[in-house]
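A.B. asks: Can you read through this structure? Questions will come right after.
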Amino acid sequence: MARSVTTRHKVIATVAAWAVALLIFFPILYTVVTSLKTEPEAIAGFNLIPSFTLDNYVTVQTQRDYIKPFTNSVILSVGSTILALIIGIPSAWAMAFSPTKRTKDVLMWMLSTKMMPAVAVLVPIYLMFRDFGLLDTRIGLTIMLTLINLPIVIWMLYTYFREIPGEILEAARMDGAGLWQEIVYVLTPMAVPGIASTLLLNIILAWNESFWTIRLTTATAAPLTAFIASFSSPQGLFWAKLSAASTMAIAPILIMGWFSQKQLVRGLTFGAVK
Amino acid sequence: MATQNTRGLARLMMAPSVILLLVWMIVPLSMTLWFSFQNYNLLNPANVSFAGLFNYRFFYTDPAFFQSIWNTLLIVGGVLLITVVGGTLIALLIDQPIFGQGIVRILVISPFFVMPPVAALVWKNMIMHPSYGVLADISRLFGLQPIDWFAQYPLLAIIIIVAWQWLPFATLILLTALQSLDSEQKEAAEMDGANVLNRFIYLTLPHLARAMTVVVLIQTIFLLGVYAEILVTTNGGPGYASTNLVFLIYRTALLGYDVGGASAGGIIAIILANIVAIFLMRAVGKNLDR
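Protein chains in written order, with the working numbering: chain S, 1 to 274; chain H, 1001 to 1290.
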């Protein structure tokens, strides 16, 4: 039975849904709009039509060297994600394809490391970073972000790998494929989508991580999170510039996020909701 | 068909991640535990001595401690209330047949991808600012005195900002769960004469229960760690009005240089997080047996 949906119902629901959606999206929209205003315009009261100046974007670069924290964000998020994948893929692979009685316990234990509050180890990590000269270095922060995201990487990969049917492996083996051929020709093509999703979600998480990135950097290795947070002191007349810096800081990850909605659900609920 | 050989290989493949996570878990944690029993101040690092339970007593008798615990619970509870109730309503709305559903989804999910410092500063400067913010403009439009959010209601302001960041997550998870609800069941209930409210209470809500549990548990883990939002808006103030446990420990450690005190606070934070973690692990573990 096809449910009869009246046009009226659909129109009302549409209007309501769009109203809610625009309300939620408003702060982001307004940031983009403000970034295109002049500084006096930015504090001149509510106005959705800017004078479309790009000066703020230029100024942020010339006065504050925006490219530097941006580059740091890219290096840290991509670097730590790739590192976590290199360490995580063999592990998830082993657990998915030759599970033992203890596999479940190992997975749960890995997840439990994610529950440790960051602030609880702030002191030892800070002191270790200081003693090893890792404070405000990209390598130190990359290691940190890798460790933080490793459990999520392994979990996500595991849930994807587990869906690759084992029969295919057996069939390949019967046809005389060796381990190497098995990996290159059979498993890799089937695993790529899962690996790509994991990569995407973890770049997003690493990009937005705002505890360690702020606390363990000062200038040289500071990514965008620390860069933006440094503007928290109240000076009234830089909103347009701050908006320009903010827009550039969130735009790439916002677009990536739109493409990874499904993976987000899966990754962040550890496969509990699909 | 796992032979000795493949089993050995599997162990070898797992070794790097297991060793790394083991070190990551044990080394800093045992250091925190060790420091928590020491008199150790970074301003006087030569003078370290055994403190017994002094740090814990010090933390426990500090009036800021109970306020920070209370604030932590208010942030977690407030944000959960807003996101779960709001997320359910929005998910139900988006699940209706509407025009442009894809775009609506994208708009609603977007705040989740905004990094915390940006989210907090946008709300602080452009939405909640007492003279130039959009909310102040709206107040004046109705002839009301604009609210100075971060001076008058600092904690509520932070709860609103954090809720804005997490509402998309709750909505997305609940929407995903909603879309897996069998439409035949819905139609059957409809034909049996169940009205909208009854269908929601007896059919939809039980179906969403599991997803709601997951939302509550996962958000709690992250909400216990709210930090950047406080740092860039109120810096914990006025007084300790918007200081949560994370922020108090950060202040003790990096502004007060008190390693021992901050470590004792860290141990308390771990205990708090573990209480939640036990429930989360159970919920996720059940799914694994499926």
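Backbone N, C-alpha and C define an ideal beta-carbon position, used for all residues, glycine too.
Since the structure is predicted, the reported quantities are computational estimates derived from the model, not experimental observations.
1) Given that Trp1024 of chain H touches chain S, what residues does it touch there, using C-beta distances under 7 Å?
2) Does any residue of chain S have a CB that is nearer than 8 Å to the CB of Gly1266 of chain H?
3) Kindly list the residues whose CB is nearer than 6 Å to the CB of Pro1154 of chain H, restricted to its own chain and excluding five residues on each side of it in sequence; keep chain order.
4) What are the residues of the stretch 13-38 of chain S that lie near chain H, defined by any Cβ-Cβ distance shorter than 7 Å?
5) Please list the segments of the alpha helix (DSSP H) lying wholly inside the stretch 225-254 of chain S, counting only runs of 4 or more residues, in order along the chain.
6) Just checking: is the beta-carbon of Leu237 of chain S within a distance shorter than 8 Å of some beta-carbon in chain H?
7) What are the partner residues of Asn1041 of chain H, as DSSP defines its beta bridges?
8) Report the option in S:Ile43, S:Ala249, S:Leu85, S:Val33 whose CA atom is closest to the CA atom of Pro151 of chain S.
9) Would you kindly work out how many angstroms separate the C-alpha atoms of Ile1278 of chain H and Leu1197 of chain H, rounded to a whole number?
10) Would you list, in chain order, the members of the stretch 1114-1138 of chain H that have their beta-carbon closer than 7 Å to a beta-carbon of chain S?
11) What whole-angstrom Cβ distance do Ala206 of chain S and Ile228 of chain S have, given they're in contact under 8 Å?
12) Should Asp1182 of chain H be flagged as near chain S, meaning a C-beta pair shorter than 8 Å?
13) Relative to the ligand SAM, is the shortest distance from any of its heavy atoms to the C-beta of Leu48 of chain S smaller than 7 Å?
14) Taking the Cβ atom as the reference point for each residue, do Arg138 of chain S and Ala226 of chain S lie within a distance shorter than 8 Å?
15) Where in the stretch 20-76 of chain S do unbroken runs of the alpha helix (DSSP H), each at least 4 residues long, occur, reported from the N-terminal end onward?
16) Quick one: which unbroken alpha helix (DSSP H) runs of 4-plus residues sit fully inside the stretch 1040-1089 of chain H? Chain order, please.
17) Please list, in chain order, the residues of the stretch 198-211 of chain S that have any C-beta partner in chain H closer than 8 Å.
18) Listing by chain order, which chain H residues have their CB less than 7 Å from the CB of Phe231 of chain S?
19) Closest to Leu1012 of chain H by C-alpha separation, out of S:Ile87, S:Leu145, S:Val11, would be which residue?
20) Say whether the stretch 1141-1154 of chain H touches the stretch 1052-1060 of chain H, bearing in mind that this needs 3 or more beta-carbon pairs closer than 8 Å, one atom from each stretch.
21) Do you know whose CA, among S:Tyr57, S:Met256, S:Leu83, lies nearest Val32 of chain S's CA?
22) What is the DSSP secondary structure of Ser1017 of chain H, counted as helix, strand or coil?
23) Identify each residue in the stretch 1223-1243 of chain H for which the Cβ-Cβ distance to at least one residue of chain S is less than 9 Å, and report them in chain order.
24) Return the residue from the list H:Asn1274, H:Trp1024, H:Val1018, H:Met1281 that minimises the CA-CA distance to Ile148 of chain S.
25) CB Val60 of chain S to CB Ala191 of chain S, shorter than 8 Å?
26) Counting pairs of beta carbons, one from the stretch 1215-1230 of chain H and one from the stretch 1158-1178 of chain H, are three or more of them closer than 8 Å?
27) Could you tell me the distance, in whole angstroms, from the CA atom of Lys262 of chain S to the CA atom of Thr269 of chain S?
28) Kindly list the residues whose CB is nearer than 8 Å to the CB of Phe1112 of chain H, restricted to its own chain and excluding five residues on each side of it in sequence; keep chain order.
29) Can you look up Tyr1132 of chain H in the DSSP assignment and give me helix, strand or coil?
30) Which residues in chain H have a C-beta closer than 8 Å to the C-beta of Met116 of chain S? List them in chain order.
31) Taking 8 Å as the threshold (C-beta atoms), are Ile1159 of chain H and Ile1094 of chain H in contact?
32) So, Phe46 of chain S versus Asp1137 of chain H, is the Cβ gap smaller than 8 Å?
33) Name the chain S residues whose beta carbon is nearer than 9 Å to that of Ile1221 of chain H?
34) Which value, in whole angstroms, describes the spacing of the CA atoms of Ser1089 of chain H and Thr14 of chain S?
35) Go through its chain and collect everything with a Cβ distance to Ile164 of chain S's Cβ below 6 Å, but skip five positions before and after it.
36) Once DSSP output is grouped into helix, strand and coil, what is the label at Asn149 of chain S?
C.D. replies: According to the structure data:
1) Under the 7 Å cutoff, chain S gives Thr113, Leu147.
2) Judged by the 8 Å Cβ criterion, Gly1266 of chain H is in contact with chain S.
3) Setting aside the 5 residues that flank it on each side, Pro1154 of chain H is surrounded in the same chain by Thr1234, Ala1241, Ser1242, each with a C-beta closer than 6 Å to its C-beta; the list follows chain order.
4) Along the stretch 13-38 of chain S, the positions whose C-beta sits under 7 Å from a C-beta of chain H are Ala13, Thr14, Ala16, Ala17, Trp18, Val20, Ala21, Leu22, Ile24, Phe25, Pro27, Ile28, Tyr30, Thr31, Thr34, read in chain order.
5) Complete alpha helix (DSSP H) runs here, min 4: none at all.
6) Note that Leu237 of chain S scores 49 on pLDDT, short of 50, meaning its location in the model is unreliable; the coordinates nonetheless yield the value given after this. No, no contact with chain H.
7) For Asn1041 of chain H, which the question treats as bridged, DSSP gives the partners H:Asp1258.
8) Of S:Ile43, S:Ala249, S:Leu85, S:Val33, the residue nearest in Cα terms is S:Leu85.
9) If you draw a straight line from the Cα of Ile1278 of chain H to the Cα of Leu1197 of chain H, it is about 34 Å long.
10) Residues passing the 7 Å Cβ filter: Val1114, Met1115, Pro1116, Pro1117, Val1118, Leu1121, Val1122, Trp1123, Asn1125, Met1126, Ile1127, Tyr1132, Val1134, Asp1137.
11) The C-beta distance from Ala206 of chain S to Ile228 of chain S rounds to 16 Å, too long to meet the 8 Å contact threshold.
12) For Asp1182 of chain H, the answer is no, since every Cβ of chain S falls outside 8 Å of its Cβ.
13) By its list of ligands, the structure shown contains no ligand whatsoever, and the ligand SAM lies outside what it can speak to.
14) No.
15) Correct list: 39-42, 55-64.
16) Within the stretch 1040-1089 of chain H, the complete alpha helix (DSSP H) segments at least 4 residues long are 1054-1061, listed from N- to C-terminus.
17) Residues passing the 8 Å Cβ filter: Ile204, Trp207, Asn208, Ser210, Phe211.
18) Against Phe231 of chain S, the close residues of chain H are Leu1121, in the order they occur along the chain (beta-carbon pairs closer than 7 Å).
19) By alpha-carbon distance to Leu1012 of chain H, the top candidate from S:Ile87, S:Leu145, S:Val11 is S:Ile87.
20) Counting C-beta pairs with one atom in each stretch, the stretch 1141-1154 of chain H and the stretch 1052-1060 of chain H have fewer than three that are closer than 8 Å, which means they do not touch.
21) Among S:Tyr57, S:Met256, S:Leu83, the Cα nearest to that of Val32 of chain S belongs to S:Tyr57.
22) In the three-state scheme derived from DSSP, where H, G and I count as helix and E and B as strand, Ser1017 of chain H is classed as helix.
23) Flagged, chain order: Leu1224, Gly1225, Tyr1227, Ala1228, Glu1229, Leu1231, Val1232, Thr1233, Asn1235.
24) Of the candidates H:Asn1274, H:Trp1024, H:Val1018, H:Met1281, the one whose C-alpha sits nearest the C-alpha of Ile148 of chain S is H:Trp1024.
25) Contact flag unset, no.
26) Enough Cβ pairs lie closer than 8 Å, so yes.
27) Between the alpha carbons of Lys262 of chain S and Thr269 of chain S lies a gap of roughly 11 Å.
28) Once the five neighbours on either side are set aside, the close Cβ partners of Phe1112 of chain H are Gln1165, Trp1166, Pro1168, Phe1169, Leu1172.
29) In the three-state reduction of the DSSP assignment, Tyr1132 of chain H falls in the coil class.
30) The answer, in chain order, is Met1025, Leu1029, Ile1270, Ala1273.
31) Taking C-beta atoms as the reference points, Ile1094 of chain H and Ile1159 of chain H fail to come closer than 8 Å.
32) Yes, Cβ-Cβ distance for Phe46 of chain S and Asp1137 of chain H is below 8 Å.
33) Within 9 Å Cβ-Cβ: Lys114, Met115, Pro117.
34) Note that residue 1089 of chain H is Leu in the sequence shown here, rather than Ser. Going by the C-alpha atoms only, they are around 14 Å apart.
35) Taken in chain order, the residues that qualify are Met190.
36) Correct three-state label for Asn149 of chain S: helix.
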